[in-house]
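Numbering (my numbering), first residue to last: 67 to 258.
Yeah, the Cβ is synthetic: ideal placement off N, Cα and C, and Gly gets one too.
Computed from a predicted structure; not experimentally measured.
See structure below.
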C-alpha cells in the first residue's frame, strides 16, 4: 500500500491549524475574563462614588466649616467616575480613598456625627464596598497576569501578537505611603 505524499503534509497542516484555533480560543477567553474583571472593578468604584454625595450631605450638616474637604471629596468623586483606564482608575481611586480617610478623621472630632445613624450606615456601606473592591482588584490582576503570561509566552506569542492580542495593565495603587512600613515610636515609654 502506497501513502500519498500529500497525506503527511495534510495531517501536519490540520494539526497546526487545530493548535492555532485552540490558542486563539484560549486568548479570547483570557481577554474576556480581563474585561469582565475590569467591569467588576468599575461597578465597585461606581458604588463607592455613589455613596459620596450622601456622605457629604451627612457630614455637611455637622461640620459646616469643613467645606474645603467636602469640595475636595466631591472633586475626587468626579475624577473617579471619569477614569477610563486601569491606571487612571487606580490614581483616582487612591485620591478618593485619601479624601474619604480625611473625612473619617474629621468625623472623629464630631461626636454627634459619629453617633448619627445615617453616618454609621454610610461607614458600614463604605467598608463593605472597599472589601468588595479589594476582591475585584485581586481578581482583575489575576486575570491580567494570566493573559499577559499567555501573550508573552512562546509559542502563543506567534499567534497572539499578529491577531491583536496585547498585554493589559495591572490595577496598581500608586500611593507611595503603602510601600514603607510606618514608623512607630513609644516616646512615653519608661526607660530602664
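- DSSP assignment within the segment 83-160 yields the following whole alpha helix (DSSP H) runs of 4 residues or more, N-terminal first: 133-148.
- Just so you know, the alpha carbons of residue 188 and residue 117 end up roughly 7 angstroms apart.
- For residue 217, the enclosing alpha helix (DSSP H) has its first and last residue at 183-218.
- When secondary structure is reduced to three states using DSSP, residue 230 falls in the coil class, being assigned neither helix nor strand.
- Per DSSP, reduced to three states, the secondary structure at residue 69 is coil, with no helix or strand assignment.
- By the Cβ criterion, the segment 118-125 is in contact with the segment 166-184, since at least three pairs of Cβ atoms, one from each stretch, lie closer than 8 angstroms.
- Note that the segment 218-236 does not touch the segment 130-146; fewer than 3 beta-carbon pairs, one per stretch, sit closer than 8 angstroms.
- Within 10 angstroms of the beta-carbon of residue 97 lie 16 or more other beta-carbons, which makes it buried.
- By the Cβ neighbour-count rule, residue 159 is buried, with 16 or more other Cβ atoms within 10 Å of its own.
- By the CB criterion at 7 angstroms, residue 171 and residue 114 fall outside the cutoff.
- A Cβ-Cβ distance of about 48 angstroms is found for the pair residue 206 and residue 72, leaving them out of contact under the 8 angstroms criterion.
- Note on geometry: alpha-carbon atoms of residue 132 and residue 234 lie some 40 angstroms from one another.
- The three-state reading of DSSP puts residue 178 in helix, counting H, G and I together.
- The closest CA to that of residue 214, considering only 80, 162, 94, 136, is found on 94.
- Annotated three-state conformation of residue 74 is helix, per DSSP.
- At the C-beta level, residue 156 and residue 237 come within 7 angstroms of one another.
- A distance below 8 angstroms between beta-carbons, with the five flanking residues on each side excluded, links residue 180 to the following residues of its chain, in chain order: 173, 174, 186.
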